[in-house]
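Visitor: The listed protein sequences derive, respectively, from chains A and B. Mapping of the first sequence onto the numbering used here: residues 657 to 905, in sequence order. Mapping of the second sequence onto the numbering used here: residues 657 to 905, in sequence order. For every residue, glycine included, the Cβ atom is placed at its ideal position computed from N, Cα and C.
Protein chains: 2
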Amino acid sequence: MNNADAVSPLLRKRTGELISDSKALVSSYPAVPITVDCVIFGFEENELKVLLIRSDLQFFEGKWSLLGDILKETEELKEAAYRILLQRTGMSDVFLEQVKAFGSPDRHPGGRVITIAYCSLLNIQHHELKIYDNELHWHKVKNLCNMAFDHQAIVVECYQWLQKRIQEHPLAFNLLPEKFSLRELQNLYEAILGVELDRRNFRKKFFSMDFLIDLDQYEENVPHRPGKLYKFNFGKYEINKKKWFAIDF
Amino acid sequence: MNNADAVSPLLRKRTGELISDSKALVSSYPAVPITVDCVIFGFEENELKVLLIRSDLQFFEGKWSLLGDILKETEELKEAAYRILLQRTGMSDVFLEQVKAFGSPDRHPGGRVITIAYCSLLNIQHHELKIYDNELHWHKVKNLCNMAFDHQAIVVECYQWLQKRIQEHPLAFNLLPEKFSLRELQNLYEAILGVELDRRNFRKKFFSMDFLIDLDQYEENVPHRPGKLYKFNFGKYEINKKKWFAIDF
DNA sequence: GAAATATTATGTATTTTGTACGCAAAGAAG
DNA sequence: CTTCTTTGCGTACAAAATACATAATATTTC
Numbered sequence: 657m658n659n660a661d662a663v664s665p666l667l668r669k670r671t672g673e674l675i676s677d678s679k680a681l682v683s684s685y686p687a688v689p690i691t692v693d694c695v696i697f698g699f700e701e702n703e704l705k706v707l708l709i710r711s712d713l714q715f716f717e718g719k720w721s722l723l724g725d726i727l728k729e730t731e732e733l734k735e736a737a738y739r740i741l742l743q744r745t746g747m748s749d750v751f752l753e754q755v756k757a758f759g760s761p762d763r764h765p766g767g768r769v770i771t772i773a774y775c776s777l778l779n780i781q782h783h784e785l786k787i788y789d790n791e792l793h794w795h796k797v798k799n800l801c802n803m804a805f806d807h808q809a810i811v812v813e814c815y816q817w818l819q820k821r822i823q824e825h826p827l828a829f830n831l832l833p834e835k836f837s838l839r840e841l842q843n844l845y846e847a848i849l850g851v852e853l854d855r856r857n858f859r860k861k862f863f864s865m866d867f868l869i870d871l872d873q874y875e876e877n878v879p880h881r882p883g884k885l886y887k888f889n890f891g892k893y894e895i896n897k898k899k900w901f902a903i904d905f
Numbered sequence: 657m658n659n660a661d662a663v664s665p666l667l668r669k670r671t672g673e674l675i676s677d678s679k680a681l682v683s684s685y686p687a688v689p690i691t692v693d694c695v696i697f698g699f700e701e702n703e704l705k706v707l708l709i710r711s712d713l714q715f716f717e718g719k720w721s722l723l724g725d726i727l728k729e730t731e732e733l734k735e736a737a738y739r740i741l742l743q744r745t746g747m748s749d750v751f752l753e754q755v756k757a758f759g760s761p762d763r764h765p766g767g768r769v770i771t772i773a774y775c776s777l778l779n780i781q782h783h784e785l786k787i788y789d790n791e792l793h794w795h796k797v798k799n800l801c802n803m804a805f806d807h808q809a810i811v812v813e814c815y816q817w818l819q820k821r822i823q824e825h826p827l828a829f830n831l832l833p834e835k836f837s838l839r840e841l842q843n844l845y846e847a848i849l850g851v852e853l854d855r856r857n858f859r860k861k862f863f864s865m866d867f868l869i870d871l872d873q874y875e876e877n878v879p880h881r882p883g884k885l886y887k888f889n890f891g892k893y894e895i896n897k898k899k900w901f902a903i904d905f
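1. Which of helix, strand or coil does DSSP assign to B/Thr745?
2. Note the first and the last residue of the continuous beta strand (DSSP E) segment covering A/Cys934.
3. So, with DSSP's three-state summary, where would you put B/Arg855?
4. Quick one: which chain B residues come within Cβ less than 7 Å of A/Ile690?
5. With a cut-off of 8 Å, does the C-beta of B/Tyr774 fall near any C-beta of chain A?
6. Between A/Ser776 and A/Phe751, which are expected to be in contact by the criterion C-beta below 8 Å, what is the C-beta distance as a whole number of angstroms?
7. For B/Gly850, is the classification buried or exposed, using 16 other Cβ atoms within 10 angstroms of its Cβ as the cut-off for buried?
8. Measure the beta-carbon distance from A/Leu871 to A/Leu885 and round it to whole angstroms, keeping in mind my assumption that it falls under 8 Å.
9. So the candidates are B/Glu717, B/Glu784 and B/Ser664; which of them puts its Cα closest to the Cα of B/Leu741?
10. Tell me where the beta strand (DSSP E) around A/Phe890 begins and ends.
11. Considering only residues of the same chain and omitting the five flanking positions on each side of B/Asn802, which have a CB-CB separation below 8 Å?
12. Whose Cβ in chain A lies nearer than 8 Å to the Cβ of B/His793?
13. Any C-beta of chain B within less than 8 Å: which residues of the region 729-744 of chain A qualify?
14. Please find out if some non-hydrogen atom of the ligand MG comes closer than 7 Å to the beta-carbon of A/Tyr788.
15. Give me the chain B residues within the contact set of A/Glu717, using Cβ-Cβ distance strictly less than 9 Å, ordered along the chain.
16. Once the 5 residues before and after A/Phe862 are set aside, which same chain residues still bring their CB inside 8 Å of it?
17. When Cβ atoms are compared, which residues of the region 874-904 of chain A fall closer than 7 Å to chain B?
18. By the DSSP assignment, the beta strand (DSSP E) with B/Gln754 in it spans what residues?
19. Is there a C-beta anywhere in chain B that falls below 8 Å from the one on A/Gln714?
20. Name the one or two DSSP bridge partners that B/Pro689 has.
21. For B/Thr771, which of B/Ser664, B/Phe888 and B/Cys694 has the nearest alpha-carbon?
22. Going by beta carbon distance, what residues of the same chain come within less than 8 Å of A/Glu703, once the five residues before and after it are set aside?
23. Indicate whether B/Tyr923 and B/Val663 have their beta-carbon atoms separated by less than 8 Å.
24. List the DSSP bridge partners of B/Gly698.
25. In chain order, which beta strand (DSSP E) runs of at least 3 residues are fully inside the region 806-891 of chain B?
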């Protein structure tokens with residue numbers, strides 16, 4: 657860092673003269689290492705899960721960490737998040753959105769590091785999903801503990817963000833296979849929101865929105881009467897978003 | 657920047673050995689200058705406004721810029737935002753929330769600078785509000801143009817964030833005086849959301865939430881029948897948030 | 001001071017949406 | 001064939017959103 661002679665815009669006296677050398681200005685600014693962390697959610701056995709890796713810092717020995725990396729010099733923030741996702745899961749076409757920047761001066765034991773947290777949603781059963789590193793594991797979001805850095809707080813923020821978002825937008829479908837039954841969809845909402853919903857009213861609500869495509873196919877290998885399978889009509893949703901109603905809580 | 661020998665967590669080979677010197681690790685990371693930018697909204701003459709300053713970079717001569725500053729070495733992100741607010745407006749007890757990080761590599765002509773955008777809401781008529789710098793001006797959000805950096809995009813994101821938020825939480829009151837009439841409140845919602853609402857139903861909705869305190873005082877110096885003045889009961893809201901209903905759109 | 005005008009304040013009728021159930025049909029298991 | 005579970009459809013009732021009517025109170029105008 658080279659901030660000895662940095663003059664912040666806030667303290668700079670306005671002389672009427674404009675700053676001509678903006679490169680010199682920026683070089684005088686103190687700099688901070690930036691990382692991007694991905695909170696990758698999946699849904700398995702009726703539980704919301706998050707993908708974590710064992711920390712490779714001695715300081716956090718045995719603790720779990722989010723999947724992150726250093727931001728490259730000429731890389732977009734989102735680009736970095738996609739890069740992490742691709743390398744860790746083998747998947748490229750996944751839902752990804754920025755949630756929040758975390759920048760407490762003491763959040764990293766090695767000095768100040770600011771991280772931008774991204775939330776990602778994917779289908780754990782997807783055929784493209786390939787997790788090579790055996791230090792990677794899916795963890796139930798319900799009982800997280802023993803996490804490195806401020807990563808527990810980051811997961812909590814992303815989880816709350818997700819709870820709000822799935823009620824307002826059709827994000828939840830990213831966590832399911834392309835074809836799903838209404839029961840699977842309901843289980844997902846119940847698990848994420850932590851509530852019990854009435855089957856019949858849940859069904860009625862989704863049908864009234866008219867975004868589900870009836871595939872005229874049925875579940876297989878279920879130990880009960882198979883339910884119909886549906887697809888979400890993302891195209892129709894984009895055209896007429898207003899018909900999306902908030903889900904009960 | 658000292659990233660010649662930086663090894664990203666993603667590429668680091670997992671040998672089973674843990675990293676003991678986390679300070680050396682962080683020092684090897686490339687670093688980026690960080691700024692915090694405040695999108696300060698106010699409400700005046702039935703219009704949403706944003707506080708801007710003339711850019712002091714020759715590159716952006718004549719263009720308008722958000723109020724921002726360099727992040728200090730041991731400063732919390734939010735702390736920096738409060739510092740900017742205090743120095744620019746003289747106010748310390750204002751609504752402030754992080755909205756998004758903006759980090760395109762080319763958003764600053766002097767080299768890469770990442771900024772964390774905060775949204776702030778204040779009452780333009782507040783007696784504590786003191787704007788010293790005569791390069792500072794309130795601008796209508798409706799017709800912004802000629803802005804420096806990516807600041808126009810940042811304002812747009814914050815505006816959209818605000819539109820969503822005022823429907824779900826009682827943020828709007830931060831833009832009004834402590835005592836306000838129902839008409840002022842409705843004008844505020846109509847201006848921010850860009851819709852027309854029915855007076856009688858708007859009133860009914862707010863009264864049914866039961867968060868407004870009837871002050872038994874009336875408007876003064878208005879050219880028509882004075883309306884009753886109310887205060888928002890933040891305490892009651894904190895206890896029973898569930899009674900907040902979404903406002904119409 | 002009376003009438004016209006503008007705005008506040010309150011109410012009601014209708015429609016739409018949410019909620020709580022009942023029950024038949026389809027498959028699985030014994 | 002009977003029992004159990006789950007899907008799928010329907011209906012009655014309660015709550016909320018919407019549209020609109022009218023009275024009350026102040027200012028302005030003549």
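Guide: So, from the data block:
1. Taking the first residue of the second sequence as 1, we reach residue 745 of chain B at position 89. Helix at B/Thr745.
2. This structure does not reach residue 934 of chain A, given that chain A is present from 657 up to 905, and the question cannot be answered.
3. Working through the second sequence from its first residue, we reach residue 855 of chain B at position 199. Three-state DSSP puts B/Arg855 in a helix.
4. Here residue 690 of chain A refers to the residue found at position 34 when the first sequence is read from its first residue. At a beta-carbon threshold of 7 Å, the residues of chain B lying near A/Ile690 are Val688 and Ile770, ordered along the chain.
5. Position 118 of the second sequence holds residue 774 of chain B. It does not: the Cβ of B/Tyr774 has no partner Cβ on chain A nearer than 8 Å.
6. Numbered from 1 along the first sequence, position 120 holds the residue referred to as residue 776 of chain A. Numbered from 1 along the first sequence, position 95 holds the residue referred to as residue 751 of chain A. Contact holds; Cβ gap of about 6 Å.
7. In the second sequence, residue 850 of chain B corresponds to position 194, counting from 1. Residue environment analysis places B/Gly850 among the exposed positions, since fewer than 16 neighbouring C-beta atoms fall within 10 angstroms of its C-beta.
8. Working through the first sequence from its first residue, we reach residue 871 of chain A at position 215. Working through the first sequence from its first residue, we reach residue 885 of chain A at position 229. At roughly 5 Å, the Cβ-Cβ gap stays under 8 Å, so A/Leu871 and A/Leu885 are in contact.
9. Within the second sequence, residue 741 of chain B is the residue found at index 85, counting from 1. For the residues B/Glu717, B/Glu784 and B/Ser664, the minimum Cα distance to B/Leu741 belongs to B/Glu784.
10. Reading the first sequence from its first residue, position 234 is the one you call residue 890 of chain A. Not the beta strand (DSSP E): A/Phe890 falls in the alpha helix (DSSP H), residues Phe890 to Ile895.
11. Along the second sequence, one-based indexing puts residue 802 of chain B at 146. Beyond the five residues adjoining it in sequence on each side, B/Asn802 comes within less than 8 Å, by CB distance, of Gly718, Lys719 and Trp720 in the same chain, given in chain order.
12. By 1-based counting over the second sequence, the position of residue 793 of chain B is 137. At a C-beta separation below 8 Å, B/His793 has no neighbours in chain A, since its nearest C-beta there lies roughly 14 Å away.
13. Glu729, Thr730, Glu731, Glu732, Leu733, Arg739, Ile740, Gln743 and Arg744
14. The ligand content of the structure shown is nil, which means the ligand MG is not present either.
15. Walking along the first sequence from the start, residue 717 of chain A turns up at place 61. In chain order: Leu674.
16. Along the first sequence, read from residue 1 onward, the residue named residue 862 of chain A stands at position 206. Around A/Phe862: Leu838, Leu841 and Leu868.
17. none
18. For the purposes of this step, residue 754 of chain B is taken as residue 98 along the second sequence, with counting starting at 1. Here the beta strand (DSSP E) through B/Gln754 covers Phe751 to Phe758.
19. Against the first sequence, residue 714 of chain A aligns to sequence position 58. Output row for A/Gln714: interface = yes.
20. Residue numbering aside, residue 689 of chain B sits at position 33 when the second sequence is read from its first letter. According to DSSP, B/Pro689 bridges with A/Ala687.
21. Against the second sequence, residue 771 of chain B aligns to sequence position 115. Comparing Cα-Cα distances from B/Thr771 to each of B/Ser664, B/Phe888 and B/Cys694, the minimum goes to B/Cys694.
22. Position 47 of the first sequence, counted from the first residue, corresponds to residue 703 of chain A. These residues qualify, in order along the chain: Lys796, Val797, Lys798 and Ala847.
23. No answer is possible for residue 923 of chain B: the residues shown for chain B start at 657 and end at 905.
24. Taking the second sequence and counting its residues from 1, one reaches residue 698 of chain B at position 42. According to DSSP, B/Gly698 bridges with B/Lys705.
25. 868-874 and 884-888
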